[in-house]
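Heads up, the thing below is written out as structure tokens.
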Amino acid sequence: MEAFLQKIYTLGGPLLLGAVTTVEITVLSFIAAVVIGLLFALLKLGAPRPFVWLINIYVEVFRNTPVLAQVFIIYFGLAYSGIKVASLSAAIIGLGLNGGAVLTEVFRAGLSAIHRGQREAALSVGMTPWTSIRFIILPQTWRITLPPIGNYAIALLKDTAVVSAIAAPEIMFYARNLVTSTFETTYIYILAALLYFALSFPLARLVDHFEKRQRAWQ
Amino acid sequence: MIEFLSVYPENWASWWPQIQAAMWVTVKLTACAFALAAVVGMLLAVGKLSKTRAIRAFCTGYIEVARGVPALAVLFLLYYGLVPTGLVLDAFVAGFIGLGLSAAGYIAEVFRAGIEAIHKGQREAALSVGMTPMTSFRYIILPQALRIILAPLLNMLIILLKDTSICSLISTPELMLRAKDLAMMSFLPMHLFLLAAVLYFLMSWPLSIMTRRIEIRMRRSTG
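Those sequence lines, one after another, are chains A and B. No gaps in the numbering here: position 210 of the first sequence is 210 in our numbering, and each next residue is one more. No gaps in the numbering here: position 133 of the second sequence is 1133 in our numbering, and each next residue is one more.
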């Protein structure tokens, strides 16, 4: 039993170190994805046609190709063209762009679920288009989009495992390094899986809470 | 631009046979993983509605864990982590089992939502006109539930198709691994990863369009 605990202790340290990076990558790419998603969804409402096409192409391309391919293009592909991107930045850019495409669709669905009359009413009482979006449309959109955004955050947290392939020092990367130095393969990968679960479980509960609240509203 | 593109015809004869074979592995991997996920997911969804508490708890627990652990961690556990216990899996088998068991958690939720969306009066009406529970499930519940879950199931298929790329990290000889190998050999990473992305897109996009069509039709028919 003591040997077992000792093992957990020596293996757990480096994995926890990786978990810090995993959280960092998740948070930064999440922020990037929300900004891109919200911006593009709003642009799709009012921007000139060519912009809307470009946004649609971006969404289709990023939603229909694997995130691993996207990250490889940014990390290995750009290096070949002379643009060196550090592994951590490549991970955040890749996951952020990927998530931006997902969230553009989520926000678009959220915005289009708000009845047109809301906007018309806001404009008719003298609000500018921007204030009507800021104070009337967006607050209602958040309510609808929170559960899918939460689900996306969980998926993102799990997707960060993929960037171990470009040597971003997160959980799976440390796990693979530990394997080559300790050969405790089974323990290490079980611990890594548990660590991800521990990180995503609170998020999943939060999403459940959002979904219940949303159902109560309807 | 022309210079960049001219690399493709120059290398096409040596790349394409390998890439094509790898694409087949990707398709097979996706199909096997999806089939496994559908079967396990269906069992979990039914198990979650079970009257026996232990079965319910197991299914709920499985779904929670499967949804909280990255597929990559499951793949590594199956492929590398089981070796010390004496169980050595082929990279393809480990790949589709790992992806399938992972996706089963999501598919279970899709099935459950589909079954729960059917008003229970439907079942009561079916039973009251003399159908057995089995026939009422087969002819009344299932056809309606399938309509509801078709779009989310197709979405899951698209996600699985894209996720097969991570099997390259346990050396399943699929599209991404082949692209990576060729990139290392030819020192043309940009060309090969772009090619891989285009091929994934060509496989995934028709599915996306189909899914969207179904979603739109569903929304219209349910109002």
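All residues carry an ideal CB built from backbone N, CA and C; glycine is no exception. Bear in mind the structure is a predicted one, so any value in this text is a computation, not a measurement.
(request) Could you tell me the distance, in whole angstroms, from the CA atom of L1194 (chain B) to the CA atom of A1183 (chain B)? (result) The residue you call residue 1194 (chain B) lines up with position 194 of the second sequence. The residue you call residue 1183 (chain B) lines up with position 183 of the second sequence. The alpha-carbon atoms of L1194 (chain B) and A1183 (chain B) are separated by roughly 11 Å.
(message) Using only the alpha-carbon positions, how far apart do L1157 (chain B) and T141 (chain A) sit?
(response) Residue 1157 (chain B) sits at position 157 when you count from the first residue of the second sequence. Residue 141 (chain A) sits at position 141 when you count from the first residue of the first sequence. Whole-angstrom Cα-Cα distance: 28 Å.
(request) Taking the CB atoms as reference points, tell me whether A1103 (chain B) and T1172 (chain B) lie closer together than 9 Å. (result) As a position in the second sequence, residue 1103 (chain B) is number 103, starting the count at 1. As a position in the second sequence, residue 1172 (chain B) is number 172, starting the count at 1. Going by C-beta atoms, A1103 (chain B) is not nearer than 9 Å to T1172 (chain B).
(message) Taking its Cβ as the centre, do 16 or more other Cβ atoms sit within 10 Å of E1010 (chain B), making it buried, or is it exposed?
(response) For the purposes of this step, residue 1010 (chain B) is identified with residue 10 of the second sequence, where counting begins at 1. Per the 10 Å Cβ criterion, exposed.
(message) Looking at the secondary structure, which residues open and close the alpha helix (DSSP H) in which Y1032 (chain B) lies?
(response) As a position in the second sequence, residue 1032 (chain B) is number 32, starting the count at 1. Before going further, note that residue 1032 (chain B) is Cys rather than Tyr in the sequence given. That run of the alpha helix (DSSP H) goes 1002-1048.
(request) Taking only beta-carbon positions, decide if E24 (chain A) is within less than 9 Å of chain B. (result) Here residue 24 (chain A) refers to the residue found at position 24 when the first sequence is read from its first residue. By this cut-off, E24 (chain A) is not an interface position.
(message) Restricting to Cα atoms, I'd like to know which of B:W1015, B:M1023, B:W1012, B:R1178 is closest to Y1200 (chain B).
(response) By 1-based counting over the second sequence, the position of residue 1200 (chain B) is 200. Comparing Cα-Cα distances from Y1200 (chain B) to each of B:W1015, B:M1023, B:W1012, B:R1178, the minimum goes to B:M1023.
(request) For A1125 (chain B), count neighbouring C-beta atoms within 10 Å of its own C-beta (all shown protein chains included) and say buried if the count is 16 or more, exposed if not. (result) Locating residue 1125 (chain B) in the second sequence gives position 125, counting from the first residue. Flag for A1125 (chain B) reads exposed.
(message) Let's see if you can read the secondary structure: which residues bound the alpha helix (DSSP H) around L28 (chain A)?
(response) On the first sequence, residue 28 (chain A) is found 28 positions in, with the first residue counted as 1. Per DSSP, L28 (chain A) belongs to the alpha helix (DSSP H) from 2-46.
(message) If distances are taken between C-alpha atoms only, which option among A:G110, A:G126, A:Q214, A:V207 comes closest to L42 (chain A)?
(response) Counting from one through the first sequence, the residue named residue 42 (chain A) turns up at place 42. Out of A:G110, A:G126, A:Q214, A:V207, A:G110 has the C-alpha closest to the C-alpha of L42 (chain A).
(message) Using only the alpha-carbon positions, how far apart do I133 (chain A) and R119 (chain A) sit?
(response) Numbered from its first residue, the first sequence carries residue 133 (chain A) at position 133. Numbered from its first residue, the first sequence carries residue 119 (chain A) at position 119. Near 8 Å, if we compare the C-alpha coordinates of R119 (chain A) and I133 (chain A).
(request) For L146 (chain A), collect the residues of the same chain with a Cβ closer than 6 Å to its Cβ; drop the 5 residues on either side in sequence, then sort them by chain order. (result) Position 146 of the first sequence holds residue 146 (chain A). Taken in chain order, the residues that qualify are F210.
(message) Buried or exposed, going by whether 16 or more other CB atoms sit within 10 Å of the CB of V35 (chain A)?
(response) One-based indexing of the first sequence puts residue 35 (chain A) at position 35. It counts as exposed.
(request) Report, in whole angstroms, the separation of the C-beta atoms of V1110 (chain B) and I1149 (chain B), which I expect to be a contact under 8 Å. (result) For the purposes of this step, residue 1110 (chain B) is taken as residue 110 along the second sequence, with counting starting at 1. For the purposes of this step, residue 1149 (chain B) is taken as residue 149 along the second sequence, with counting starting at 1. So it is a contact: roughly 5 Å between Cβ atoms.
(request) Determine the closest residue to L206 (chain A) out of A:K44, A:I154, A:I74, A:P169, with distance taken between C-alpha atoms. (result) Taking the first sequence and counting its residues from 1, one reaches residue 206 (chain A) at position 206. The option with the nearest alpha carbon to L206 (chain A) is A:I154.
(request) Label I73 (chain A) either buried or exposed according to how many other C-beta atoms from any shown protein chain fall within 10 Å of its C-beta, with 16 as the threshold for buried. (result) On the first sequence, residue 73 (chain A) is found 73 positions in, with the first residue counted as 1. Buried: at least 16 other Cβ atoms inside 10 Å.
(request) Pull up the distance between the alpha-carbon of I1002 (chain B) and that of I83 (chain A), whole angstroms please. (result) As a first step, residue 1002 (chain B) is located in the second sequence; it is residue number 2 there, counting from the start. As a first step, residue 83 (chain A) is located in the first sequence; it is residue number 83 there, counting from the start. Cα to Cα, the separation comes out at about 20 Å.
(request) Tell me whether F208 (chain A) is buried or exposed, calling it buried when 16 or more other Cβ atoms sit within 10 Å of its Cβ. (result) Within the first sequence, residue 208 (chain A) is the residue found at index 208, counting from 1. One point to set straight first is that residue 208 (chain A) is Asp, not Phe, in the sequence displayed. Exposed, by the Cβ-count rule.
(request) Rounded to whole angstroms, what's the CA-CA distance from R1138 (chain B) to G13 (chain A)? Just pull it up for me. (result) In the second sequence, residue 1138 (chain B) corresponds to position 138, counting from 1. In the first sequence, residue 13 (chain A) corresponds to position 13, counting from 1. Going from the Cα of R1138 (chain B) to the Cα of G13 (chain A) covers about 53 Å.
(request) Report whether the distance from the Cβ of I8 (chain A) to the nearest heavy atom of the ligand MN is below 8 Å. (result) By its list of ligands, the structure shown contains no ligand whatsoever, and the ligand MN lies outside what it can speak to.
(request) Leaving out five residues on either side along the sequence, give the residues of the same chain with a beta carbon under 7 Å from the beta carbon of R1178 (chain B). (result) Locating residue 1178 (chain B) in the second sequence gives position 178, counting from the first residue. Correct list, in chain order: Q1018, I1019, A1022.
(request) Using a Cβ-Cβ cut-off of 9 Å, state whether W1205 (chain B) counts as contacting chain A. (result) The residue labelled residue 1205 (chain B) in the question sits at position 205 within the second sequence. W1205 (chain B) counts as touching chain A.
(message) Just to confirm the assignment, what range does the alpha helix (DSSP H) spanning L138 (chain A) have?
(response) Taking the first sequence and counting its residues from 1, the one referred to as residue 138 (chain A) is at position 138. Taken as a continuous stretch (DSSP letters only), the alpha helix (DSSP H) holding L138 (chain A) covers 138-159.
(request) Mind checking which residues open and close the alpha helix (DSSP H) that includes V1083 (chain B)? (result) Here residue 1083 (chain B) corresponds to residue number 83 of the second sequence, with the count starting at 1. Where V1083 (chain B) is concerned, there is no enclosing alpha helix (DSSP H), given that its DSSP letter is neither H nor E.
(message) Just to make sure I have the definition right: I need the residues of chain A whose C-beta is within less than 8 Å of the C-beta of G1081 (chain B). Which are they?
(response) By one-based count along the second sequence, residue 1081 (chain B) stands at place 81. Those are T185, T186, I188, Y189, I190, listed as they occur along chain A.
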